[in-house]
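Student: I am attaching a structure below and will ask some questions about it afterwards.
Residue numbers (the UniProt record's numbering): 1 to 267.
Okay, structure coming up:
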């Protein structure tokens, strides 16, 4: 009798059980997919686009623990440099990012992420515009040789005086050049890499008065290459109201140099 019942009900029961587990597995897969999608949406929501306002909010927070000054002619001659440029390292804080990267007093910092450092203030502005925990690289003169070192800036210690800054006003909305855009093609035709796109020029602003137009691509700022939006904002934040800066731009196939006198921020 039991054998007959198994023959009679066993196959339908197995089929029902199989369908149940398949449905349960599908439900769990859907839940996992939903959770993953939610997590991704959360990650995207945390990414704040880089613009001048949120850039200023974090400006000056990065720290590597090196005290610097301008390079003197004597220091440049000792390091076999052609001219007194760069940032001279006076001291290094114990257990700081600079010490961990083997930067020592007497070293001279020559470039920051591939851009030449002309003086101590320029280096300080480059560092101030850096992201905490995002690796930077420096070309360092050490006695009679040069070395590239990599450093992870840390958050500026609370025991140090806060960085005070009066940000200048230019009057433009800018962004990185988009991949595959017409602007990128113009750069490729000009055999240039990077650049910052002017998306909007505020009427009556210093930028408009200097002749900057929507669609212009800013290639350099005070004779330093401008490859990314962060580099441009670092250079701009390092200026003072009333200062006149020089910007090299590409406008379609034409290259121009514009001089802009910055004013005090209107905000």
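Beta carbons are placed, not taken as given, at the ideal position from N, Cα and C, and that holds for glycine.
Quick check: residue 199 and residue 175, are their CB atoms within less than 9 Å of each other?
Tutor: The answer is yes: Cβ separation under 9 Å.
Student: What is the DSSP secondary structure of residue 144, reduced to helix, strand or coil?
Tutor: Residue 144: coil per DSSP, three-state reduction.
Student: To the nearest angstrom, how far is it from the Cα of residue 105 to the Cα of residue 99?
Tutor: Cα-Cα distance, rounded: 10 Å.
Student: Quick one: give me the first and last residue of the beta strand (DSSP E) that residue 88 is part of.
Tutor: Element bounds for residue 88: 87 to 92.
Student: With C-beta atoms as the reference, is residue 56 less than 9 Å away from residue 165?
Tutor: Going by C-beta atoms, residue 56 is nearer than 9 Å to residue 165.
Student: Here's a check: name, in chain order, each residue in its chain whose Cβ is nearer than 6 Å to the Cβ of residue 101, leaving out the five neighbours to either side.
Tutor: 149, 151, listed in sequence order.
Student: Ignore the nearest five residues each way along the sequence and tell me which others in residue 168's own chain have a CB closer than 6 Å to its CB.
Tutor: For residue 168, where only same-chain residues beyond five positions count, the Cβ hits under 6 Å are 239, 241, 262.
Student: Relative to the C-alpha of residue 79, which residue among 67, 91, 237, 108 is closest?
Tutor: Considering only alpha carbons, the answer is 108.
Student: If you follow the beta strand (DSSP E) that residue 109 is part of, which residue opens it and which one closes it?
Tutor: 108 to 112 is the span of the beta strand (DSSP E), which, as asked, contains residue 109.
Student: Between residue 100 and chain B, is the shortest Cβ-Cβ distance under 9 Å, so that the two count as touching?
Tutor: Of the protein chains in the structure, only one exists, and it is not chain B.
Student: Along the beta strand (DSSP E) that carries residue 67, what are the first and last residues, could you check?
Tutor: Residues 66 to 70.
Student: Out of 52, 49, 60, state which residue places its alpha-carbon closest to the alpha-carbon of residue 163.
Tutor: Closest by alpha carbon: 60.
Student: What's the call for residue 122, buried or exposed, on a 16-neighbour Cβ count within 10 Å?
Tutor: So residue 122 counts as buried.
Student: Tell me the DSSP bridge mates of residue 154?
Tutor: 63.
Student: Quick check on this structure: which residue in 50, 230, 139, 95 has the alpha carbon closest to the alpha carbon of residue 129?
Tutor: Of 50, 230, 139, 95, the residue nearest in Cα terms is 230.
Student: Would you decide whether residue 52 is buried or exposed? Buried here means 16 or more other CB atoms lie within 10 Å of its CB.
Tutor: When all chains shown are included, residue 52 counts as buried.
Student: Just to confirm before moving on: does the CB-CB distance between residue 228 and residue 194 stay below 9 Å?
Tutor: Yes, the pair counts as a contact, with Cβ atoms nearer than the cut-off.
Student: Using three-state DSSP, classify residue 256 as helix, strand or coil.
Tutor: Strand, per DSSP.
Student: Apart from the five residues just before and just after residue 131, which ones in its own chain have a Cβ nearer than 6 Å to its Cβ?
Tutor: Hits under 6 Å: none found.
Student: Could you compute how far the alpha carbon of residue 96 sits from the alpha carbon of residue 70?
Tutor: Approximately 21 Å, taken between the alpha carbons.
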